[in-house]
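In what follows, a single structure is set out as structure tokens and then discussed.
Protein chains in written order, with this note's numbering: chain H, 1 to 140; chain D, 1001 to 1504.
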């Protein structure tokens, strides 16, 4: 994924510590920008889910791999692209539906959470090379 | 009172004419390369030709599609161009036709006296042609018409020098026509291509060498949800940013929200004739219905198999009549194999990871297996092994499946050597022993395949066994690997699980 104009890029190793860093980064960013808590919590929760998927399923906690986060915070909209280099394809629609029906065990609801909390949700698969998830939400 | 200008000699007049001629030819070259507006170029070239040859009128006649007539394309001086455009000049009864057919220049001092002279043009326009100089116009090597100048001023006649000038000008006319026709052909092809691309049901996105958007057809606009007048969206920008990474592969873009569509994308790079990159063409097909149908089939298949396996396991636990049944065991194996196949195809195993000690997991699994199978185990563990972040239940399952394979492979009375060590950033577990089993060869040969299921697939007694394939699937879901090696009567399974931290 080539960098997009106007986006800020973070690069993090595929490890648990990166989850906390991303959480702290976006909490601080959205708070400083004056984004309403009800909106910023939706965003942070969704970003955390996307990051967790990238570190766990995408990169299998291989610290040598790098997760790339590109984001843009406009006055009316937040857009984030999160790319892991795992290149493992899956059917996000299936996992969203599964999470609706699922009543066993914990976990497995990340895609459903992102789908419910964000305005736009896109997955871009390059088999064997990368998976990018795009999250977008209006701030109004 | 000013003194009279000195009279110029014949030599200096010739030199001046030569300079003017050279300058005019240079102008003509510049003109041909300055614009693709053919009418403008031709009128200016013919204007130059008239001035240099001191003619009252000039015209360009081009052959028609049937090649038996000529029509006036450009006309300067003398008659009304509108009148001449209606005139059709026969190829076999005109001075212009003679020039085209013979591919030679023609100088006539008194046109009216020449039987080849086509009088209809003069009658139509009320112009009186006296002297004529005409030369062929060629597009590449093909004669396509003539340029002609009429009536040398002052009642003089055209000479050899005039002919040289007109021949040079005719060359530029031919080049200008060729350039214009080539450009027109390209424009026509471009328009045809745009019409085809525009009418396709598949979306087409064309980018330039720097990734800039060049073309987006109507189907692609719909797929990206662009409304009338909207040229860009974040979604489209994200797509364009991801395109260069796709290469010549087919991949999926899932627009989960707001539209819930799945696009299959195929990207083709295209190069110039010189081999430099010109950009990418991406063809997008909406495969939502196909993918949803496929998902439904997979779900029904998986749910049915798990239900079948559950029933068979229940029957095995309390067989009808109270006695074990070989057919029931076979049914159980088949149901389990199909369930493994379905699970592998459905994607990674869902893991509930926690930090754990690999030695504990391996020791527990091998001790249970050893006492059940009656096979001795030698366990060797390196010191200070780092923890692993795994789902211990799933990892134990993978070990159990692999140990079951070891039981089949080990020679009678053989023992299993289990060793744990750190290699690089992975905790390695080796299971090795001696074997004289024929299955040893089949496992090794199947290892050469690199597909999702068949790497650890084995066929024994005509029955497909996916137990090792499923063990590998569990490890793959952890980012770990399972390999198999053999050499002269020995075998070795090797688990490599990423460590949580480097060893102290």
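Yeah, the Cβ is synthetic: ideal placement off N, Cα and C, and Gly gets one too.
> Are the stretch 1105–1124 of chain D and the stretch 1161–1177 of chain D in contact at 8 angstroms, needing three or more beta carbon pairs?
Replying inline: yes
> Taking only runs of the beta strand (DSSP E) that begin and end inside the stretch 1080–1134 of chain D, which ones reach a length of at least 3 residues, in chain order?
Replying inline: 1088–1090 and 1106–1108
>> Is there a C-beta anywhere in chain B that falls below 9 angstroms from the one on residue 1249/D?
In response: The structure shown has no chain B; the protein chains it does contain are H and D.
>> I want to verify the contact list: residues of chain D whose CB lies under 9 angstroms from the CB of residue 120/H, in sequence order.
In response: Taking the first chain and counting its residues from 1, one reaches residue 120/H at position 120. Under the 9 angstroms cutoff, chain D gives 1234, 1235, 1255, 1256, 1257 and 1258.
> Over what stretch of residues does the beta strand (DSSP E) that includes residue 118/H continue unbroken?
Replying inline: By 1-based counting over the first chain, the position of residue 118/H is 118. Premise fails: residue 118/H is in no beta strand (DSSP E) and is neither H nor E.
>> By the three-class DSSP mapping on this structure, what secondary structure does residue 1393/D have?
In response: For the purposes of this step, residue 1393/D is identified with residue 393 of the second chain, where counting begins at 1. Looking at residue 1393/D - three-state DSSP - the assignment turns out to be helix.
>> Could you check whether the Cβ of residue 51/H sits closer than 9 angstroms to any Cβ belonging to chain D?
In response: The sequence position of residue 51/H within the first chain is 51, counting from 1. No, no contact with chain D.
>> According to DSSP, simplified to helix, strand and coil, what is residue 1454/D?
In response: If you number the second chain from 1, residue 1454/D lands on position 454. Any reading at residue 1454/D needs caution, since the residue's pLDDT is 47, under 50, leaving its predicted position unreliable; the model's value is listed next. Of the three classes helix, strand and coil, the one that applies to residue 1454/D here is helix, per DSSP.
>> Please state the DSSP three-state secondary structure of residue 1446/D.
In response: Taking the second chain and counting its residues from 1, the one referred to as residue 1446/D is at position 446. The predicted position of residue 1446/D is uncertain, since its pLDDT is 46 and thus under 50; a value taken from the coordinates is nonetheless stated next. Correct three-state label for residue 1446/D: helix.
> Between which two residues does the alpha helix (DSSP H) harbouring residue 1045/D extend?
Replying inline: As a first step, residue 1045/D must be located in the second chain, where it is residue number 45. 1038–1053 is the extent of the alpha helix (DSSP H) around residue 1045/D.
> Is DSSP giving residue 1428/D helix, strand or coil here?
Replying inline: Locating residue 1428/D in the second chain gives position 428, counting from the first residue. Note: residue 1428/D maps to strand in three-state DSSP.
> Just how far apart, CA to CA, sit residue 1068/D and residue 1013/D?
Replying inline: Taking the second chain and counting its residues from 1, one reaches residue 1068/D at position 68. Taking the second chain and counting its residues from 1, one reaches residue 1013/D at position 13. Between residue 1068/D and residue 1013/D, the C-alpha separation is close to 43 angstroms.
> Given that a residue counts as buried once 16 or more other Cβ atoms are within 10 Å of its Cβ, and exposed if not, what is residue 1190/D?
Replying inline: Translated into the one-based positions of the second chain, residue 1190/D becomes position 190. The residue in question, residue 1190/D, is exposed, as its Cβ has fewer than 16 Cβ neighbours within 10 Å.
>> Taking 9 angstroms as the threshold (C-beta atoms), are residue 1134/D and residue 1084/D in contact?
In response: Along the second chain, one-based indexing puts residue 1084/D at 84. Along the second chain, one-based indexing puts residue 1134/D at 134. No. Outside cutoff.
>> Is the separation between the beta-carbon of residue 165/H and that of residue 69/H shorter than 9 angstroms?
In response: For chain H, the structure presents residues 1 to 140; residue 165/H sits outside this window and is missing.
>> For the alpha helix (DSSP H) containing residue 142/H, name the first residue and the last one.
In response: Here chain H comprises residues numbered 1 to 140, so residue 142/H is not present and cannot be evaluated.
>> Using only CA atoms, which one of 1397/D, 1423/D and 1173/D lies nearest to residue 1473/D?
In response: If you number the second chain from 1, residue 1473/D lands on position 473. Checking every option, the nearest Cα to that of residue 1473/D belongs to 1397/D.
>> Quick check on residue 1061/D: buried or exposed, where buried means 16 or more other Cβ atoms within 10 Å of its Cβ?
In response: The residue given as residue 1061/D occupies position 61 in the second chain. That one is buried.
>> 9 angstroms is my cut-off, CB to CB: does residue 1020/D come that close to chain H?
In response: On the second chain, residue 1020/D is found 20 positions in, with the first residue counted as 1. False, the Cβ-Cβ gap to chain H never drops below 9 angstroms.
>> Residues of chain H with CB closer than 9 angstroms to the CB of residue 1478/D, please, in chain order.
In response: The residue you call residue 1478/D lines up with position 478 of the second chain. Chain H residues near residue 1478/D: 60 and 61.
> residue 1300/D to residue 1225/D, Cα distance in whole Å?
Replying inline: Taking the second chain and counting its residues from 1, the one referred to as residue 1300/D is at position 300. Taking the second chain and counting its residues from 1, the one referred to as residue 1225/D is at position 225. Residue 1300/D and residue 1225/D: Cα-Cα distance of roughly 32 angstroms.
> For residue 96/H, which residues in chain D fall below 8 angstroms Cβ to Cβ?
Replying inline: Counting from one through the first chain, the residue named residue 96/H turns up at place 96. Neighbours of residue 96/H on chain D, chain order: 1256.
>> Less than 9 angstroms between the C-beta atoms of residue 1302/D and residue 1204/D, yes or no?
In response: Position 302 of the second chain, counting from 1, holds the residue named residue 1302/D. Position 204 of the second chain, counting from 1, holds the residue named residue 1204/D. For residue 1302/D and residue 1204/D, no; Cβs fall outside 9 angstroms.
> Which residue from 1335/D, 1327/D, 1292/D and 1325/D puts its Cα closest to that of residue 1311/D?
Replying inline: Translated into the one-based positions of the second chain, residue 1311/D becomes position 311. For residue 1311/D, the nearest C-alpha among the options comes from 1335/D.
>> Given this structure, state the Cα-to-Cα distance separating residue 1446/D from residue 1304/D, to the nearest angstrom.
In response: On the second chain, residue 1446/D is found 446 positions in, with the first residue counted as 1. On the second chain, residue 1304/D is found 304 positions in, with the first residue counted as 1. With a pLDDT of 46 at residue 1446/D, under the threshold of 50, the predicted position of this residue should be treated as unreliable, and no value is reported.
> When you compare only the Cα positions, how much space is there between residue 1240/D and residue 1188/D?
Replying inline: Here residue 1240/D refers to the residue found at position 240 of the second chain. Here residue 1188/D refers to the residue found at position 188 of the second chain. Their backbone Cα atoms lie some 28 angstroms apart in a straight line.
> Does residue 35/H get closer than 9 angstroms to chain D when you measure Cβ to Cβ?
Replying inline: Position 35 of the first chain, counted from the first residue, corresponds to residue 35/H. So, not an interface residue.
> Out of curiosity, what's the CA-to-CA distance linking residue 115/H and residue 92/H?
Replying inline: In the first chain, residue 115/H corresponds to position 115, counting from 1. In the first chain, residue 92/H corresponds to position 92, counting from 1. Their backbone Cα atoms lie some 10 angstroms apart in a straight line.
> Between the stretch 1480–1491 of chain D and the stretch 1372–1385 of chain D, are three or more C-beta pairs nearer than 8 angstroms?
Replying inline: no
>> In the DSSP output, which residue or residues are listed as bridge partners for residue 70/H?
In response: To locate residue 70/H, count along the first chain from 1; it is residue 70. The partner list for residue 70/H (beta bridge, DSSP) reads 9/H and 81/H.
> Which residues of chain H have a Cβ atom closer than 8 angstroms to the Cβ of residue 1330/D, listed in chain order?
Replying inline: Stepping through the second chain from its first residue, residue 1330/D is reached at position 330. Ordered by position in chain H, no residue passes the 8 angstroms Cβ test against residue 1330/D, which lies about 30 angstroms from the chain.
>> Going by the DSSP bridge assignment, what does residue 90/H pair with across the sheet?
In response: Along the first chain, read from residue 1 onward, the residue named residue 90/H stands at position 90. In DSSP, residue 90/H forms no bridge with anything.
> Are the Cβ atoms of residue 100/H and residue 13/H separated by less than 9 angstroms?
Replying inline: Position 100 of the first chain holds residue 100/H. Position 13 of the first chain holds residue 13/H. Not in contact: residue 100/H and residue 13/H (Cβ atoms no closer than 9 angstroms).
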